[in-house]
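S.K.: I have a structure I would like to understand better, so I am pasting it below and will then ask my questions one at a time.
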Amino acid sequence: MRQAADDFEEFAHARTPHLYRTAWLLAGDRHQAEDLVQETLAKMFRAWRGISRIDNPAAYAQTVLARTFVSQWRRRRLVEQSYAEVPEEIAQSPGDTELRVALQGALSELAPLDRAVLVLRFFEDRSVEQVALDLGKKPGAIRTRTSRALDRLRAVLGDDAVHLASL
Numbered sequence: 003m004r005q006a007a008d009d010f011e012e013f014a015h016a017r018t019p020h021l022y023r024t025a026w027l028l029a030g031d032r033h034q035a036e037d038l039v040q041e042t043l044a045k046m047f048r049a050w051r052g053i054s055r056i057d058n059p060a061a062y063a064q065t066v067l068a069r070t071f072v073s074q075w076r077r078r079r080l081v082e083q084s085y086a087e088v089p090e091e092i093a094q095s096p097g098d099t100e101l102r103v104a105l106q107g108a109l110s111e112l113a114p115l116d117r118a119v120l121v122l123r124f125f126e127d128r129s130v131e132q133v134a135l136d137l138g139k140k141p142g143a144i145r146t147r148t149s150r151a152l153d154r155l156r157a158v159l160g161d162d163a164v165h166l167a168s169l
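Mapping of the sequence shown onto the numbering used here: residues 3 to 169, in sequence order.
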């Protein structure tokens, strides 16, 4: 029992930064991202005894994170209004900061499911099939949603898209 708790603690310490980055991109708010990571780790802890049956616990944690985000969004249905706040530890250079702020602002304009699809596809570098599995959708629906979400993202960024590409 103690060994399982130690194994989980090691896993949580190793995966938390990556989970937080994904959660921040999905939620657009530092506090919501922290809550999302905490809830994901709590769900992982409850499932930890059966973790030996899972081939890739890190990928499973990402799936739990994505599903928890979508689930929370469905419950809230835009009741809360979040404002983007860029964590200081993410910024690395002035151009990088501009890019991150512009991209986070543009992502926050998208519907949460569109945001989840884009973050999982392009920031987490997941295949269409993996995103479909993570979000409980069909691959064709993910391809369509990706295309439409990218069109919306380009429309939101407007002329800034050209400027951001040069950063």
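Virtual Cβ for every residue (Gly too), placed ideally from N, Cα, C.
1) Taking residue 122 and residue 61 to be in contact with their CB atoms under 8 Å, please state how far apart those CB atoms are, rounded to whole angstroms.
2) Between which residues of its own chain and residue 47 is the CB-CB distance below 7 Å, once the five residues before and five after are set aside?
3) Here's the rule I'm using: 16 or more other beta-carbon atoms within 10 Å means buried, otherwise exposed. How should residue 114 be labelled?
4) Assign residue 5 to one of two classes, buried (16 or more other C-beta atoms within 10 Å of its C-beta) or exposed (fewer than that).
5) Measure the CB-CB distance between residue 178 and residue 108 and report whether it falls below 7 Å.
6) Using 7 Å as the threshold, is the C-beta distance between residue 110 and residue 30 below it?
7) On the three-state DSSP scale, how would you describe residue 56?
8) In angstroms, rounded to a whole number, what distance separates the CA positions of residue 143 and residue 12?
9) Which word fits residue 71, buried or exposed, when buried means at least 16 other C-beta atoms lie within 10 angstroms of its C-beta?
10) Could you check whether residue 16 and residue 39 sit closer than 7 Å to each other, using their CB atoms as the reference points?
M.R.: Checking against the coordinates, here is how it stands:
1) For this step, residue 122 is matched to residue 120 along the sequence shown. For this step, residue 61 is matched to residue 59 along the sequence shown. With a beta-carbon spacing of about 11 Å, residue 122 and residue 61 fall beyond the 8 Å limit used to define contacts.
2) Here residue 47 refers to the residue found at position 45 of the sequence shown. Excluding sequence neighbours, residue 47 sits near 10.
3) Looking up residue 114 in the sequence shown gives position 112. With 16 or more neighbouring CB atoms inside 10 Å of its own CB, residue 114 falls in the buried class.
4) Locating residue 5 in the sequence shown gives position 3, where the first residue counts as 1. Residue 5 should be labelled exposed.
5) In the structure displayed, the chain extends from 3 to 169; residue 178 sits before or after that span and is not available.
6) Counted from its first residue, the sequence shown places residue 110 at position 108. Counted from its first residue, the sequence shown places residue 30 at position 28. In this structure, residue 110 places its C-beta atom within 7 Å of the C-beta atom of residue 30.
7) Reading the sequence shown from its first residue, position 54 is the one you call residue 56. Coil, per DSSP.
8) Sequence index remark: in the sequence shown, residue 143 carries index 141 (1-based). Sequence index remark: in the sequence shown, residue 12 carries index 10 (1-based). For residue 143 and residue 12, the distance between alpha carbons rounds to 37 Å.
9) Position 69 of the sequence shown, counting from 1, holds the residue named residue 71. When all chains shown are included, residue 71 counts as buried.
10) Within the sequence shown, the letter at position 37 stands for residue 39. Within the sequence shown, the letter at position 14 stands for residue 16. In this structure, residue 16 does not lie closer than 7 Å to residue 39 by Cβ.
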